[in-house]
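This note's numbering puts the first residue of the sequence shown at 216, with every later residue one more than the last.
The structure appears right after this line, and notes come after that.
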Amino acid sequence: CYVPMVGLIMAFENFNIMDGAFGSQFNGIENFKFLLSPSMLPDLSRAVYNTVFLNVLWIVSGTIAAVGLAVVFNEIRRSRLSKLTQSLSILPNFLSWVIIALFLDVFLNTRTGIVTNLLANVGMKLNFYQDPKVWPLVLVVLKIWQGAGYGSIIYLATITGIDSQIYEAAEIDGASRWTQITKITLPILMPTVVLLTLFSIGKIFNGDFGMLYAIIGDNSTLYPTTDVIDTYVYRMMRTLNEFGLSTAVGLVQSVVGLFMVMIANWLAKKFAPQSAIF
């Protein structure tokens, strides 16, 4: 993790691939100034907004879905059914986003898509690959389907570690299963939820490049809601060959992420000290 950070020197250079990172001309903070110039700022600000917005949606929806699945798995009393449902929910995590993108095309294809045709039958004509407004919802659904099952493992482990005598005492006192979930399970889960959320906040300025590039690719029509910092940087490197600018964006991305973690950790120490990272 630390050795590649030497390459951050390119953020302060007019990088030339022939001269290398240690032979290119040093230009100070010119790359950062260029990123904030009027010509670059609109696209960069859009990418930053999309990155934060999508990550907030993913963190909130993913946490709710993972906790919900963990609680449901814990309530399934039949061993075989519990193992089957857990295995099926975890399976999507091991599928490549390229494979998922191919499956998605089967559902959303303009002419032959299953979902597209179903909507057309009820009078709703949608061209998913030309309408950027629907993609935040599509990406949230995909993220939950792909990662919620895997994310529920830690929450389920926390639930199984709860002393069963607590539930037995609550049941003797007349508490229903729903009351036990809301008054025992969820409060005990909260420190774990806060801790994992802190880790997620550290990556809030990192878009899921593998997911977005596999699904969206170079479809510029969808950029208003799907273009994130990672795809923006990749496109800059590929089309402009500006490795210095790309490194500058990545450096800003990492520094802001660090400050976000520190702020979130400070809030955690203030309101839930046992959940803080440091």
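Glycine included, every Cβ here is placed at the ideal spot set by N, Cα and C.
>> Measuring straight from C-alpha to C-alpha, what distance separates serine 254 and glutamine 240?
In response: 23 Å
>> Please classify tyrosine 370 as buried or exposed, where buried requires at least 16 neighbouring CB atoms within 10 angstroms.
In response: In the assembly as shown, tyrosine 370 is a buried residue. Its beta-carbon has 16 or more other beta-carbons within 10 Å.
>> By the DSSP assignment, the alpha helix (DSSP H) with lysine 418 in it spans what residues?
In response: First-last for lysine 418: undefined, no H or E at that position.
>> What does the Cβ neighbour count give for alanine 335, buried or exposed, with the cut at 16 atoms within 10 Å?
In response: exposed
>> For the structure I just gave you, are there three or more beta carbon pairs, one from the region 390-405 and one from the region 420-429, closer than 8 Å?
In response: no
> Just how far apart, CA to CA, sit phenylalanine 339 and aspartate 445?
Replying inline: According to the sequence shown, residue 339 is methionine rather than phenylalanine. Between methionine 339 and aspartate 445, the C-alpha separation is close to 33 Å.
>> Between threonine 462 and glycine 222, how many whole angstroms is the CB-CB distance? I'm expecting something under 8 Å.
In response: 7 Å
>> Just to confirm before moving on: does the CB-CB distance between leucine 284 and alanine 363 stay below 8 Å?
In response: yes
> What residue from Gly366, Pro347, Leu333 has the CA that sits closest to glutamine 301's CA?
Replying inline: Answer by Cα proximity: Gly366.
> If tryptophan 350 and leucine 259 are in contact, beta carbons under 8 Å, what's the gap, nearest whole angstrom?
Replying inline: That belief does not hold up - the Cβ atoms of tryptophan 350 and leucine 259 are roughly 20 Å apart, past 8 Å.
> By Cβ distance below 6 Å, which residues in the same chain neighbour valine 409 in space, the five residues on each side in sequence not counted?
Replying inline: Ala483, Ala487, Ser490
> Which residues bound the alpha helix (DSSP H) around valine 263?
Replying inline: Where valine 263 is concerned, the enclosing alpha helix (DSSP H) starts and stops at 256-290.
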